[in-house]
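So the number in the working numbering is just where the residue sits in the sequence shown, counting from 1, plus 19.
So the structure is just underneath, and the comments pick up after that.
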Amino acid sequence: MKSTILVICSVLIALVLGIQCGNRKTPEITETPTRGNIHIVADESFQPIVDAEIATFTSLYKYARITPDYLPEKDLISAFLKDSVKVVVTSWEPSEQQKELLLNSKQIIVRTTAVAYDAIALVLNKENKDSLMTYKNVNDLFTGKLTDWKEINSTSKLGKMVAVFDNEKSANIRYFKEEFKLDSRLPSNFYSVKSNEQVIDYVTKNKSAIGLVSVNWICDKHDSTSRSFSDKIKIAAISHRVLDPGSYFLPVQGSIYDKSYPFTRKINLVSRESFKGLGSGFISWCATEQGQRIILKSGLVPATMPIRLIQFKK
Numbered sequence: 020m021k022s023t024i025l026v027i028c029s030v031l032i033a034l035v036l037g038i039q040c041g042n043r044k045t046p047e048i049t050e051t052p053t054r055g056n057i058h059i060v061a062d063e064s065f066q067p068i069v070d071a072e073i074a075t076f077t078s079l080y081k082y083a084r085i086t087p088d089y090l091p092e093k094d095l096i097s098a099f100l101k102d103s104v105k106v107v108v109t110s111w112e113p114s115e116q117q118k119e120l121l122l123n124s125k126q127i128i129v130r131t132t133a134v135a136y137d138a139i140a141l142v143l144n145k146e147n148k149d150s151l152m153t154y155k156n157v158n159d160l161f162t163g164k165l166t167d168w169k170e171i172n173s174t175s176k177l178g179k180m181v182a183v184f185d186n187e188k189s190a191n192i193r194y195f196k197e198e199f200k201l202d203s204r205l206p207s208n209f210y211s212v213k214s215n216e217q218v219i220d221y222v223t224k225n226k227s228a229i230g231l232v233s234v235n236w237i238c239d240k241h242d243s244t245s246r247s248f249s250d251k252i253k254i255a256a257i258s259h260r261v262l263d264p265g266s267y268f269l270p271v272q273g274s275i276y277d278k279s280y281p282f283t284r285k286i287n288l289v290s291r292e293s294f295k296g297l298g299s300g301f302i303s304w305c306a307t308e309q310g311q312r313i314i315l316k317s318g319l320v321p322a323t324m325p326i327r328l329i330q331f332k333k
């Protein structure tokens with residue numbers, strides 16, 4: 020009798036344990052390199068290419084959702100350093116001091132992946148005939164030595180130059196300050212608006228204006244928005260930093276690649292992800308052939324795939 024009771028109790032215990040184990044679900048994996056839901060921040064200068072990369076990536080991986088915000092560079096860096104966002108798209112690269120600060124305080128490894136090369140174009144009104152500028156001209160513009168179009172062309176009737184850029188916190192203006200070793204001040208004829216789009220709009224309405232925009236906004240011949248912007252303005256050709264000042268280069272793929280156009284820069288994807296999540300997957304994909312072909316098609320220069328220059332002669 021006792022043996023029978025022990026057997027029955029054992030069976031009941033086993034059944035109860037089996038039911039409990041059966042009710043325990045394996046924890047669902049909510050984020051992998053190709054699925055999940057993340058928020059990234061990108062420099063407003065790079066919005067067209069970021070939108071194109073995200074659209075293609077999320078069409079290939081239907082369980083991936085990437086929500087971008089577009090901010091000026093200073094706000095983007097602040098959000099990244101404060102851990103408000105794990106992945107940013109920017110021309111900025113964290114300094115060793117910033118990396119050490121993050122590593123020592125929170126044991127975070129920062130990874131920077133260059134995916135493309137971009138340039139900053141100087142755009143002019145369609146009626147401006149003076150579309151050739153030397154590197155020194157641009158330097159003088161930023162240092163306040165060049166203020167009137169007559170100093171470039173004595174017959175010009177455009178008058179005083181008005182330089183316009185996207186934002187006081189932008190990467191575009193930070194680039195030129197570093198290029199020409201300027202302090203925080205800009206000449207009095209420099210004005211900021213709120214976006215690259217507004218720079219183009221201002222230049223189309225003001226004959227004496229010269230605008231600073233990312234080539235990313237005007238170089239994609241396959242994009243209707245980019246085409247509409249490029250049709251409204253004229254792009255200045257700039258001489259090389261060092262070589263014959265009589266040779267001028269437009270910010271097109273060939274001259275961006277070999278740096279004959281002087282104002283080029285990288286587009287970086289910077290991550291502080293602590294595991295291989297969707298952010299890491301998106302970064303890796305942008306550096307693959309598929310992601311690089313989108314960059315090539317957009318008019319920018321891929322950073323991780325081989326490039327072949329072809330010269331056409333009439």
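Where is the CB? At the ideal position from N, CA and C, for every residue including glycine.
Note that the structure is a prediction, hence the values are computed from the model and not measured.
| Query | Result |
| --- | --- |
| Going by DSSP, which residues form a beta bridge with residue 55? | 83 |
| What separation, rounded to the nearest whole angstrom, lies between the Cα atoms of residue 52 and residue 134? | 18 Å |
| Mind checking which residues open and close the alpha helix (DSSP H) that includes residue 334? | Look at the range of the chain in this structure, 20 to 333, and you will see that residue 334 is not part of it. |
| Among all the DSSP beta bridges, which residues are the ones paired with residue 152? | 257 |
| Does the ligand NAP have even one heavy atom less than 7 Å from the beta-carbon of residue 256? | The ligand NAP is absent from the structure shown, which contains no ligand whatsoever. |
| If you follow the beta strand (DSSP E) that residue 182 is part of, which residue opens it and which one closes it? | 181-184 |
| What do you get for residue 116, buried or exposed, if any count of 16 or more other CB atoms within 10 angstroms of its CB means buried? | exposed |
| For residue 309, count neighbouring Cβ atoms within 10 angstroms of its own Cβ and tell me buried if that reaches 16, exposed if not. | exposed |
| Under 8 Å, do residue 153 and residue 258 count as touching if we go by C-beta distance? | yes |
| State the CB to CB distance for the pair residue 214 and residue 250, rounded to an integer number of angstroms; the pair is presumed to be in contact (CB under 8 Å). | Residue 214 to residue 250, Cβ: 18 Å. No contact. |
| Please look up how many angstroms separate the CB atoms of residue 60 and residue 291, rounded, as I've assumed it's under 8 Å. | Their Cβ separation, rounded to whole angstroms, is 12 Å, which puts residue 60 and residue 291 out of contact at 8 Å. |
| Please report the Cβ distance between residue 63 and residue 90, rounded to the nearest whole angstrom; I am assuming they are in contact, meaning their Cβ atoms lie under 8 Å. | 7 Å |
| Can you tell me the Cβ-Cβ gap for residue 352 and residue 302, rounded? I've got them flagged as a contact below 8 Å. | Summary: the structure shown does not reach residue 352, with the chain confined to residues 20 through 333, and so no result is reported for it. |
| What's the call for residue 67, buried or exposed, on a 16-neighbour Cβ count within 10 Å? | buried |
| In whole angstroms, what is the alpha-carbon distance linking residue 69 and residue 189? | 17 Å |
| Alpha carbons only, please: which of 266, 311 and 264 is nearest the one belonging to residue 286? | 311 |
| Using only CA atoms, which one of 266, 293 and 294 lies nearest to residue 281? | 266 |
| So for residue 283, helix, strand or coil by DSSP? | strand |
| Comparing C-alpha positions only, which one of 174, 176 and 181 sits nearest to residue 165? | 181 |
| Under the three-state reduction of DSSP, which class applies to residue 91: helix, strand or coil? | coil |
| For a test of the three-state rule: what should DSSP assign to residue 138, helix, strand or coil? | strand |
| Thinking residue 191 and residue 231 are a contact (beta carbons under 8 Å), I'd like their distance in whole angstroms, please. | 5 Å |
| Kindly list the residues whose CB is nearer than 7 Å to the CB of residue 321, restricted to its own chain and excluding five residues on each side of it in sequence; keep chain order. | 135, 311, 314 and 315 |
| Tell me whether residue 199 is buried or exposed, calling it buried when 16 or more other Cβ atoms sit within 10 Å of its Cβ. | exposed |
| Does the distance from the C-beta atom of residue 50 to that of residue 297 stay below 8 Å? | yes |
| Which class does residue 229 belong to by DSSP, given the choice of helix, strand or coil? | strand |
| In angstroms, rounded to a whole number, what distance separates the CA positions of residue 120 and residue 147? | 49 Å |
| Taking the alpha-carbon positions, what's the residue 193 to residue 323 distance? | 25 Å |
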